[in-house]
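If you're matching positions, the sequence shown starts at 767 in the working numbering and goes up one per residue.
Beta carbons are placed, not taken as given, at the ideal position from N, Cα and C, and that holds for glycine.
Model, not experiment: these values are computed from the prediction.
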Amino acid sequence: MGQSVTLVGTVQDVFLKKPLVAKVSVYEMDSTTCVLDSVHVERIEDYNGDILIAPYYAHVKAVRHDYLVRAELEGYDVVWQKVSVSDSPEKQVPVPTIEMRRARHVTLGEVVVTATKVKMFYRGDTIVYDASAFSLPDGSMLDDLIRQMPGVTMNEAGEIFVNGKKVDELLLNSRSFFGSNNQILIDNLPYYTVKHIKVYDKKSKRDEVTGRDDAPRQYVMDVNLKQDYQRGYIANIEGAGGTDNRWLGRMFGLGFTDFCRFTLVGNANNVNETQHIGKTGSWSPERSPHLMVTTRSVRSETDYHSRDDMLEDIFRAEFVSSKEELQMYQRHEQFLAGNTPLSITDRTGQSEKWQLALNNNFTMYAPFFMMVYTDFSYGKRKGTSNSMFQQWGDTLTASMRTIGMSEGTSWNGLMQVLGDIRVGEGKNITYVAKAEHSSDKSESASHYNTRNYVTPSVEQRYNIGDYGKQVTSGELKLDYIGKAFDKTQFRIKNITGLSRTAIHDYLYHPDTLLLASQLEALSSITDLSNSYDSKLRTQTNTTEISIYTSNELQPDMKSCTNWLFGLQVPLTRQKLHYQRGSLDTIATSTTLFVTPWLSYSLKTANKRELSLNIRHTQATANIYDMINYRDDSNPLVVKLGTPGLKGNASTNFGIEYLGHGNGHSQKQWKASASFDYHHRDVSQSVMYNPTNGIYTYKPENVRGAYFASVKYQIYSSVGEKRLWTWQNCMDANHHHSIDHAMLAGETESRLNAVNTLTMHDNAYIQYSKGPLNIRATGDIRWRHSEGKMYDFETLNATDFQYGLSARYTIPVLNTTLSADGTMYSRRGYGSSELNTDDFVLNASISQSFFKGKLIARIEAFDLLHQLSSTQYTVNAQGRTETWYRSLPHYVMAHLVYHWNKNPKKK
């Protein structure tokens, strides 16, 4: 296409004179030939989310011509507007304001026609979700809303992905909320308080105030509250009790003033899982809880900002304590020629820990920028354990019973100052100075009773460990950004760091089970060959040079491109003084790497995005692995060091394409591919001695592994009312792994290559109308593994699941019924024990009272008691079956009270 001009105009209500976001198209004068369908419409809103103006932009040929602009919007009559393009050199042609009139009301008997709200729309590059368009039952939280939003997925850790792209931070009213802990807001903010949720690339507040564009943008999800809840107080209180002595109590309080937001969150429970009815995949056997956990926590946050927003201070405090109980039984078979060595482990344990954390972030934006961040944490822990290990060949080879206990204390303090130094008109050097100290001390005691049945012998050993680690570090970063030429900038950054690490790790062999602090005359019972002191001094200097563009797509542009080329040169010097028994050595290491990267991105006005990148990375090896030492503190495990060991090096290629459709379907799709080549990795080689059951491990370098993957994801709704939505995510990957594997009939590992092809597809289709929501899901994963050694057993395994979930709120009664059922199946494994079917059925009923203020809910999980707490893993070297004590099936009754208070309007 040659030169073009932009038709610019707005649409408004003929009587109210309010801006309207209509579908705008451009036609030839015959009104039948469409030139442009659904041109770009930008929404500009005020702080409350009300539309101030909604201009549209249409690119047409810059030649003398007449067009018809068509505006259509549900509930309004279609309007046509003529516009003429002249030979003028102007790049924009104003279109007279299109005024739309409400369609005449027509009554058809008792039928009432209501408009269908749009769940998702675009405002420029921002994705906007209208919370009022989602029909959720009383008592729903932000978690329930996010899981219903088109194109959005969320994993068990609370990480959110929009169209496959990870959200960096979850914001509340455009401000940070408990840092990166998304789960607090997700689990506790009531759905009814939310007006809309925006997803966009956010500039830092510093860049917004100073007008700079230095820092990389964060991909954020911004939760905007309704106006009524942006002042005053919001609170939730919940109590629950259930079978198997399960209980839960939690509270959430959120308050706003003109210049401050404060939050208090409390939680106490012995419900050690995060599964919820309707969560896809939450109840799969591999996600069954492995620990019995009792948790108590209190968290608070105070967020202050001045009247002019030039001063901010955020203070956070939290106290968390937990008690964990473990009961585990594991059976591992190793594939060797002629026999299958078997190891059995039976373990129980209990641990307790608590931590106090305090941090404060003070930021000043004017008259100059400065940020001061301080952080302090202190914690204690203790635990006990009891295990029985047996190693079998044709008969019992060795056994080891272990009884242990431990306790420890750790603390960390950090201070960081960030600011700008002015070096000229509009030019600044950014500096970051950081100092940190951490300390970790622990004591452990273990009693080993080891029996060898091949050469009959019994060994009693008491291992008493005394461990201490102190790390002190400092870092200074200088960062300068300048203009290379038109629309192109360059960046020079240098980071200098210094750290000192002191480790004291001693092992004692007394004749009783006591901690080191309870023993006397330690020098006489010291195991010198398994005790060491070390002092490590590390100096780093990393210089980074990059040149890049930072173009933004403007309303009158068809597309924009950006590219970046960078080069990083990290220099690392290490000096280690290591004392272990008769070994007293000084090891030094100096590494200098050159790691380049290149990226390119294209963004178009019709919502298409293309990005390509390539990056090379290198890392130094752990200097402790490079010491020639031997550790046999565990009677059945020996660890060795490897002098001359080198670190990892890899190169990554990636390409990604993102598209958005127009019209009622709101279609979104994303295709991506990546290739990772590992020039060098660190792998653990292993040697097994069948006469005594001892394994010997040693780190070694391997080369030539790679990982290739492709992925395609698509989301769409069906029909004008968008009652049906569906999503499909497909991916395939090929992993060529290089590792040390034990060959059949041998007792020493050799280098081996294994190729694994994985094909995966996950899909759902959902129907949602008013109080009814039904979703059908399916997931299938096929794995094909083959090795390049003669005895490798080819593995073709398939894991698949399918299920249905439903939710319905009975009108008038306002009672909500929910249920989901999923079948989890495995096929193709070498043993019938591994080819399992687990059908999991969950259900709940909830009733709201007092206009949704009080919610009573009963939940029943795994009604048929089908979910197994046994897990199976199979690879070419062996198969492992692990049983954990857990109670996934239970019934629990909840009572939740929602409260809010708004200040009186002045």
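Going by beta carbons, I1269 and S1297 fall outside the 7 Å limit. Here T1029 is buried, its C-beta having at least 16 other C-beta atoms within 10 Å. When the five nearest sequence neighbours on each side are left out, the beta carbons in the same chain lying within less than 7 Å of the beta carbon of V807 are those of V787, V790, A820 and Y822, in order along the chain.
Per DSSP, the beta-bridge partners of M1017 are I1003 and G1032. In the structure shown, V975 adopts helical secondary structure according to DSSP, grouped into three states. For R1217, the enclosing beta strand (DSSP E) has its first and last residue at K1193 to N1218. DSSP places R1573 outside any alpha helix (DSSP H); the residue lies instead in the beta strand (DSSP E), whose first and last residues are L1561 to I1576. The Cβ atoms of A1282 and E1209 lie closer than 7 Å to each other.
Annotated three-state conformation of N1528 is strand, per DSSP. For N1418, the enclosing beta strand (DSSP E) stretches over residues A1415 to H1426. Under the DSSP definition of a beta bridge, G1240 partners with A1201 and L1264. Between the alpha carbons of E1241 and S1151 lies a distance of about 40 Å. Assigned with DSSP and collapsed to three states, I1393 falls in coil, not helix or strand. Closest in alpha carbon position to E1625, among V928, V965 and W1013, is W1013.
For R913, the enclosing alpha helix (DSSP H) covers residues L908 to Q914. In its chain, beyond the 5 residues on either side, T1315 and N1317 have a beta carbon closer than 7 Å to the beta carbon of K1253. Counting C-beta pairs with one atom in each stretch, the stretch 1211-1228 and the stretch 1254-1261 have fewer than three that are closer than 8 Å, which means they do not touch. Nearest C-alpha to R1188 among M1181, N1036 and M1136: M1136. Each of N1580, D1603 and L1629 was checked against the Cα of F1616, and the nearest Cα belongs to N1580. In this structure, the beta-carbon distance from A1529 to R1549 does not fall below 7 Å. Judged by beta-carbon spacing, Q1479 lies beyond the 7 Å limit of Y1463, meaning their Cβ atoms are not closer than that value. Proximity of the stretch 886-903 to the stretch 943-956 falls short of the contact definition, fewer than three beta-carbon pairs being nearer than 8 Å.
Excluding the 5 residues flanking it on each side, M1392 has same chain C-beta neighbours closer than 8 Å at A1353, S1355, G1407, T1408, P1409, G1410 and L1411, in chain order. Partner residues in a beta bridge of S1072, as assigned by DSSP, do not exist. The Cβ neighbour count for I1247, taken over all protein chains shown within 10 Å, is at least 16; the residue is labelled buried. Between the alpha carbons of Q1305 and V1237 lies a gap of roughly 13 Å.
E1090 is not a Cβ neighbour of L1122, given a cutoff of 7 Å. Beta-bridge annotation (DSSP): A1437 is paired with Y1423 and Y1478. Burial check for E1286: the Cβ neighbour count within 10 Å stays below 16, so the residue is exposed.
For N990, the uninterrupted beta strand (DSSP E) segment begins and ends at Q984 to L991. One alpha carbon belongs to A1371, the other to K1477, and they sit about 24 Å apart. In the structure shown, S1652 adopts coil according to DSSP, grouped into three states. By the Cβ test, the stretch 1005-1022 is not in contact with the stretch 922-931, since fewer than three Cβ pairs between them sit closer than 8 Å.
Going by DSSP, I950 is part of the alpha helix (DSSP H) stretching over N948 to N954. Per DSSP, reduced to three states, the secondary structure at A1585 is strand.
For the pair V1662 and E1004, the CB atoms are nearer than the 7 Å cut-off.
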